[in-house]
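Student: Here's a structure for you.
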Amino acid sequence: MSKSLWAAESRLKSILCDSYRFQIPVYQRPYSWTTEETAQLLDDLLEAFEEAAEGQDDEAPPYFLGSVVLIKEPDNPLSDIVDGQQRLTTLTILLAVLRDLASRDETENLHAFIWDRGNPYKGSTAHYRLNLRERDADFFRTHVQENGATVRPPERDDDLTDAQRRIIENRDLLREYLGRLSDGDRTLLAKFVLQSCSLVVVGAVDQEAAVRIFSILNNRGLNLSPTDILKAQIIRGWSETEQQRYTKVWEDMEDALGRTQFLKLFSYLRAMYLDHRKDQTLVRDVLSIIQMRYTSGQHFIDATLLPASAHLSHVLAATLPAPHGSDAVNRALRRLNRIENSDWVPPALVWFTEQAPEGTADFARALERLAYGLLLCRAPENERKKRYLEVVAAIDRGEALTPTSPLHLRTDEKRKAMRTLTGRIADELRPPAVRAILLALEEEVSGREVESRMERASLERVLPKDPPVGSLWLKWYPFKGQRERWTDALGNLFLVPQKRAPYSSRWEFDKKIRHYQAKPGVRDLVQFQQVAMSPTWEQGELERRHKHLIGFITRMWELGPVPGAQQAAEPGAGGSAIASLKRRAVAGSGG
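The working numbering numbers the first residue of the sequence shown as 203 and each following residue consecutively.
Shown next, in the form of structure tokens:
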């Protein structure tokens, strides 16, 4: 094996020894194992321990705990953990709990696997065998590693970091379970863990090789995410001061967005700055972007990652501040966030990060129209992603708001969108998509933002899918094909801000209306008020509402000529109902 790379399977007693001095590099994420993972590890150990005790086989193979990837010179004990932090930390907590539950005679023997008192004749100084990241190291020593520390409660529970909280939770769980064992069983378990459990230790003398090894190993623990690897690669070779500074900046961004959205941010950056999608990993693509567009990793973080992170946070919350933000812009962002895909985010970030505020309201509105148009015409994922990349390119060329911009729906796309809109929309689109459309319609008609609870609203049908025998529904809609045509039509739908009452969909029209008129969250909706104004729900009433809603959405998202526009505009026709309700809603919000 290459001198720069080595591997060996070792018992735990030979790992928690003078040959290794483990530390967590500043770029690593904090300890994050939950009680679920810790309980699973303990269950596995106890099961293997019981099998070994029953077998009484001195030649039994060791119980394999997985692998640890290190950056380590072969003759130097200092070991940076690239992968395996979660497992080694939890095993240290386990041994510390066993130590504090042991008799005084056994305490020092177990403590030796946690603390090295040093030996001047060997040239070694006293140290803990595992050092966590700086922000958690003292806490770990005080509440785990010191003799008797596992019975020590934290001084202030509300000030704990997530990592510190996990340490306490896992420590207390292990103490509770191990405390149920007899002294003799705990002694035997400690011997089993140290003498009969093994890890494969993989060492590399440089970070690049270590990360490469890590990426192909199938470890049992919590693997590093691409953002962890990117952080390691970007800050590699910087001074310790710079590493610590930018590690904090990086983790603050990650905490603000959450790990999932922070990872998505890098996918968005790839879509923003790469015009190809080859078989490259996210890590390689982002590193390519940095190499092509920036003078250094610091330049990338300061000039792009920080502002993009801040803008993404505002975009997801629809709270974009001035100068780009306005009521119109944030209204469009609220509607965009209701769509199940996030392919629209890269062009939004490019615009908000790189463009002047002028034209932002027009851009946001156009992006909303495009997103809902593609939703209605059920564009395949690949087509959708390609389209948004075209929008990014148009922004870069300064052509995003021109008449030929890819922000505008094509004629064939408008035709497809109208087919969905005029057809059985609740059958052709997923419920979240229909809900998003109805929420946008409600906001447009009422002139006000919907309540937050409506974001999880349920779809209700006026005409039920399966009307009961003998009901008026079967008198009004006697033919199965007729019911199938209209049950899932836009004009038959409205939203309720909670789960529907059992069997409410099958109720007679009058009973259904009375039930929902008693519900404040429903009766205040303009779209429900229009249904409630109807004396019956025969096909003529349903069709009338259907045409009005289609006309309103067609105008709202500029999908083409409004079907039946002349009829809808006639005095006394039901087309005035929405306008009347809109005036009433606006007047009510002003009072």
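Every residue gets a Cβ at the ideal spot worked out from N, C-alpha and C, and that includes glycine.
1. Judging by CA-CA distance, which residue of Asp-277, Asn-532, His-610 and Leu-518 is the nearest neighbour of Ala-458?
2. Residues in the same chain with beta-carbon distance under 7 Å from Val-652, minus the five sequence neighbours each way, listed in chain order, please.
3. Helix, strand or coil for Arg-231? Go by DSSP, reduced to three states.
4. Measure from the alpha carbon of His-329 to the alpha carbon of each residue in Thr-309, Pro-279 and Pro-559, then state which is nearest.
5. So what does Ala-210 bridge to, in DSSP terms?
6. Starting from Glu-662, follow its DSSP beta bridges and name the residues at the other end.
7. Counting only runs of 4+ residues fully inside the stretch 290-350, write out the alpha helix (DSSP H) ranges in chain order.
8. Kindly provide the ranges of any beta strand (DSSP E) runs that are 3 or more residues long and lie completely inside the stretch 526-604, ordered along the chain.
9. Let's test the definition: count the other Cβ atoms within 10 Å of the Cβ of Asn-532 and tell me whether it reaches 16, buried, or not, exposed.
10. DSSP three-state call for Ile-273: helix, strand or coil?
11. Could you check where the alpha helix (DSSP H) with Ser-398 kicks off and where it finishes?
12. Tell me whether Gln-482 sits in a helix, a strand or coil according to DSSP, three-state version.
13. Note down the Cα distance separating Arg-708 from Lys-667, rounded to an integer number of angstroms.
14. If you draw a straight line from the alpha carbon of Gly-600 to that of His-717, how long is it in whole angstroms?
15. Determine the direct distance from the alpha carbon of Thr-309 to that of Glu-453, and round the result to whole angstroms.
16. Would you please state the rounded distance, in angstroms, between the beta carbons of Phe-224 and Leu-332? I believe it to be under 8 Å.
17. Please state the DSSP three-state secondary structure of Tyr-496.
18. With DSSP run on the structure shown, which of helix, strand or coil describes Arg-438?
19. Buried or exposed: where does Ala-209 fall if 16 or more other Cβ atoms within 10 Å of its Cβ makes it buried?
20. Please list, in chain order, all residues of the same chain as Val-270 whose beta carbon is under 6 Å from its beta carbon, the five residues on each side excluded.
21. State the beta-bridge partners of Tyr-265 as determined by DSSP.
22. Under a three-way DSSP split, which group does Leu-641 fall into?
23. Consult DSSP for Asp-285 and reduce its assignment to one of helix, strand or coil.
24. Measuring only the C-alpha atoms, how far is Arg-589 from Gly-268?
25. Would you grab the beta carbon distance between Leu-380 and Leu-300 for me? Rounded to a whole angstrom, and I think it's under 8 Å.
26. Please name the residue in Ala-566, His-345, Cys-219 and Ile-597 whose C-alpha comes closest to that of Ser-326.
27. Can you list, in chain order, the residues of its chain whose CB lies under 6 Å from that of Trp-699, leaving out five sequence neighbours each side?
28. Measure from the alpha carbon of Arg-617 to the alpha carbon of each residue in Ser-648, Ala-563 and Cys-579, then state which is nearest.
29. State the DSSP-derived secondary structure class of Arg-223, mapped to helix, strand or coil.
30. Could you tell me the alpha carbon to alpha carbon distance between Ala-255 and Phe-394, rounded to whole angstroms?
31. I'd like to check one pair, Leu-508 with Val-451: are the Cβ atoms closer than 9 Å?
32. If contacts are defined as beta-carbon pairs under 8 Å, then Thr-622 and Leu-611 qualify, I think. What distance do you get, rounded to the angstrom?
33. Reducing DSSP to helix, strand and coil, say where Leu-852 ends up.
34. Beta carbon of Leu-471, beta carbon of Pro-548: below 9 Å?
35. Could you tell me whether the Cβ of Pro-633 comes closer than 9 Å to any Cβ of chain E?
36. Which residue or residues does DSSP assign as beta-bridge partners of Leu-280?
Tutor: This is what the structure holds:
1. Checking every option, the nearest Cα to that of Ala-458 belongs to Leu-518.
2. Contacts found: Leu-641, Glu-644 and Glu-645.
3. Residue state, collapsed to three classes: coil.
4. Closest by C-alpha distance to His-329, out of Thr-309, Pro-279 and Pro-559, is Pro-279.
5. DSSP output for Ala-210 lists Val-403 as bridge partner(s).
6. Under DSSP, the beta-bridge partners assigned to Glu-662 are Phe-696.
7. Correct list: 306-313 and 336-342.
8. List check, beta strand (DSSP E) in window: nothing returned.
9. Around the beta carbon of Asn-532, 16 or more other beta carbons sit within 10 angstroms, so the residue counts as buried.
10. Three-state result, Ile-273: strand.
11. Counting along the chain, the alpha helix (DSSP H) containing Ser-398 begins and ends at 385-398.
12. It is coil, neither helix nor strand.
13. Distance between Arg-708 and Lys-667, taken at the CA atoms: about 8 Å.
14. Cα to Cα, Gly-600 sits roughly 53 Å from His-717.
15. It is roughly 38 Å from the alpha-carbon of Glu-453 to the alpha-carbon of Thr-309.
16. Contact holds; Cβ gap of about 5 Å.
17. When secondary structure is reduced to three states using DSSP, Tyr-496 falls in the coil class, being assigned neither helix nor strand.
18. DSSP places Arg-438 in coil when its eight states are reduced to three.
19. Exposed, because fewer than 16 other Cβ atoms sit within 10 Å of the Cβ of Ala-209.
20. So the list reads Gly-286, Leu-401 and Val-403, once near-sequence residues are dropped.
21. Looking at the DSSP output, Tyr-265 sits in a beta bridge with Cys-399.
22. Helix at Leu-641.
23. In this structure, DSSP gives Asp-285 an extended state, which the three-state scheme calls strand.
24. Those two C-alpha atoms are separated by around 44 Å.
25. Confirmed, Cβ separation roughly 6 Å.
26. Looking at the Cα atoms, Cys-219 is the closest of the given residues.
27. Looking at the sequence itself, residue 699 is Pro, so the reference to Trp does not match. The answer, listed in chain order, is Arg-655, Met-656, Ala-659 and Gly-723.
28. Closest by alpha carbon: Cys-579.
29. In this structure, Arg-223 counts as strand in the three-state DSSP scheme.
30. So the alpha carbons of these two residues sit roughly 9 Å apart.
31. Their beta carbons are under 9 Å apart, which means Val-451 touches Leu-508 by this criterion.
32. Going by Cβ atoms, the distance from Thr-622 to Leu-611 rounds to 13 Å, so no, they are not a contact pair.
33. The first residue shown for the chain is 203 and the last is 793, placing residue 852 beyond what the model contains.
34. Cβ atoms of Leu-471 and Pro-548: closer than 9 Å.
35. Absent from the structure: chain E. Only one protein chain is present.
36. BP columns for Leu-280 point to Arg-223.
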